[in-house]
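*Asks:* One structure coming up, written as structure tokens, with questions to follow.
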Amino acid sequence: MVDRRAEEDAGDRVIRAIQNFSRSPARAELAHALYRAGGKDLTPTQVDALETLASRPEWRMHEFAAALDINQGAASRTTDRLVRLGLAERRPDETDRRYVIAQATPAGRRISGRIQRDRYALMQEVLADLTDEKRVVLAELLEHVTEAMAATLTRRSAPQ
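Everything in the sequence shown is counted per the numbering used here, starting at 2 for the first residue and increasing by one.
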């Protein structure tokens with residue numbers, strides 16, 4: 002059984018580890034290496050949007066926003082940035098003019114594929130010193146923490 006003080010210490014260690022990583026010059030260098038496109042660094046939000054766009058031939062904007070779990074205005078602004086970089090395009094839906102279609106351009110699909118391959122190779126290198134068992138445990142812990150964070154935020158935002 003773990004005592005309360007040890008749990009708090011572990012919580013502090015997790016927070017410090019996340020802070021150290023997010024402030025690390027290495028993190029910025031990795032992001033620059035992984036998320037470079039068209040002579041510019043993409044933000045993590047833009048990378049997420051590009052990968053989502055590239056996952057299907059085309060998206061209606063409201064479906065795209067729902068897939069990213071953002072509002073349509075934010076999805077539109079993010080798409081506009083990708084359009085300016087030549088990584089996405091938008092057009093009216095020919096079957097229903099009330100809708101706008103967004104899709105990754107061929108260049109956007111290539112960049113998205115490269116980012117995914119490079120990120121996978123990097124993660125393989127980062128995790129190379131861990132045994133298969135430790136990799137599985139790490140993945141399970143990260144999945145659990147992600148779910149717990151979402152549940153906590155949902156609970157906190159619920160009307161009291």
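Idealized CB from N, CA, C, for every residue including glycine. Here the structure is a predicted model, which means the values were calculated and not measured.
Is Pro58 closer than 8 Å to Gln104 when the C-beta atoms are compared?
*Replies:* Taking the first residue of the sequence shown as position 1, residue 104 is located at position 103. Taking the first residue of the sequence shown as position 1, residue 58 is located at position 57. Yes, these two residues count as a Cβ contact at 8 Å.
*Asks:* Are the stretch 87 to 105 and the stretch 11 to 31 in contact at 8 Å, needing three or more beta carbon pairs?
*Replies:* Judged by Cβ distances under 8 Å, the stretch 87 to 105 makes no contact with the stretch 11 to 31, as fewer than three pairs qualify.
*Asks:* Counting only the same chain and skipping the five closest in sequence on each side, list residues whose C-beta sits under 8 Å from that of Pro45.
*Replies:* Taking the sequence shown and counting its residues from 1, one reaches residue 45 at position 44. Same-chain partners within the cutoff: Ala32, Tyr36.
*Asks:* From Asp193 to Asp81, what does the alpha carbon distance come to, in whole angstroms?
*Replies:* Missing from the structure shown is residue 193; the chain here goes from 2 to 161 and no further.
*Asks:* With DSSP collapsed to three states, give me the class of Arg37.
*Replies:* By one-based count along the sequence shown, residue 37 stands at place 36. The answer is strand: DSSP assigns Arg37 an E or B state.
*Asks:* Considering only their Cβ atoms, is the gap separating Gln117 from Thr79 smaller than 8 Å?
*Replies:* Indexing the sequence shown from 1 puts residue 79 at position 78. Indexing the sequence shown from 1 puts residue 117 at position 116. No. Outside cutoff.
*Asks:* Taking the alpha-carbon of Ala140 as reference, which of Met150, Ser77, Leu128 has the nearest alpha-carbon?
*Replies:* Reading the sequence shown from its first residue, position 139 is the one you call residue 140. Comparing Cα-Cα distances from Ala140 to each of Met150, Ser77, Leu128, the minimum goes to Leu128.
*Asks:* Quick test of your reading: Gly87 and Ala108, contact by CB under 8 Å. State the CB separation rounded to the nearest angstrom.
*Replies:* Here residue 87 refers to the residue found at position 86 of the sequence shown. Here residue 108 refers to the residue found at position 107 of the sequence shown. 6 Å between Cβ atoms; contact.
*Asks:* Please determine, among Glu126, Phe65, Arg28, Leu123, the residue with the shortest C-alpha to C-alpha distance to Tyr100.
*Replies:* Position 99 of the sequence shown, counting from 1, holds the residue named residue 100. Closest option to Tyr100, Cα to Cα, is Phe65.
*Asks:* Do you know whose CA, among Glu90, Ala122, Leu143, lies nearest Arg110's CA?
*Replies:* Position 109 of the sequence shown, counted from the first residue, corresponds to residue 110. Among Glu90, Ala122, Leu143, the Cα nearest to that of Arg110 belongs to Glu90.
*Asks:* Quick check on Gln104: does DSSP put it in helix, strand or coil?
*Replies:* The residue labelled residue 104 in the question sits at position 103 within the sequence shown. Strand, per DSSP.
*Asks:* Select from Met62, Leu154, Arg156 the residue whose C-alpha is nearest the C-alpha of Gly74.
*Replies:* The residue you call residue 74 lines up with position 73 of the sequence shown. Nearest C-alpha to Gly74: Met62.
*Asks:* Where does Pro26 sit, in a helix, a strand or coil, going by DSSP?
*Replies:* To locate residue 26, count along the sequence shown from 1; it is residue 25. Pro26 falls in the helix class under three-state DSSP.
*Asks:* Using DSSP with H/G/I as helix, E/B as strand and the rest coil, what is Asp42?
*Replies:* Position 41 of the sequence shown, counted from the first residue, corresponds to residue 42. Three-state result, Asp42: strand.
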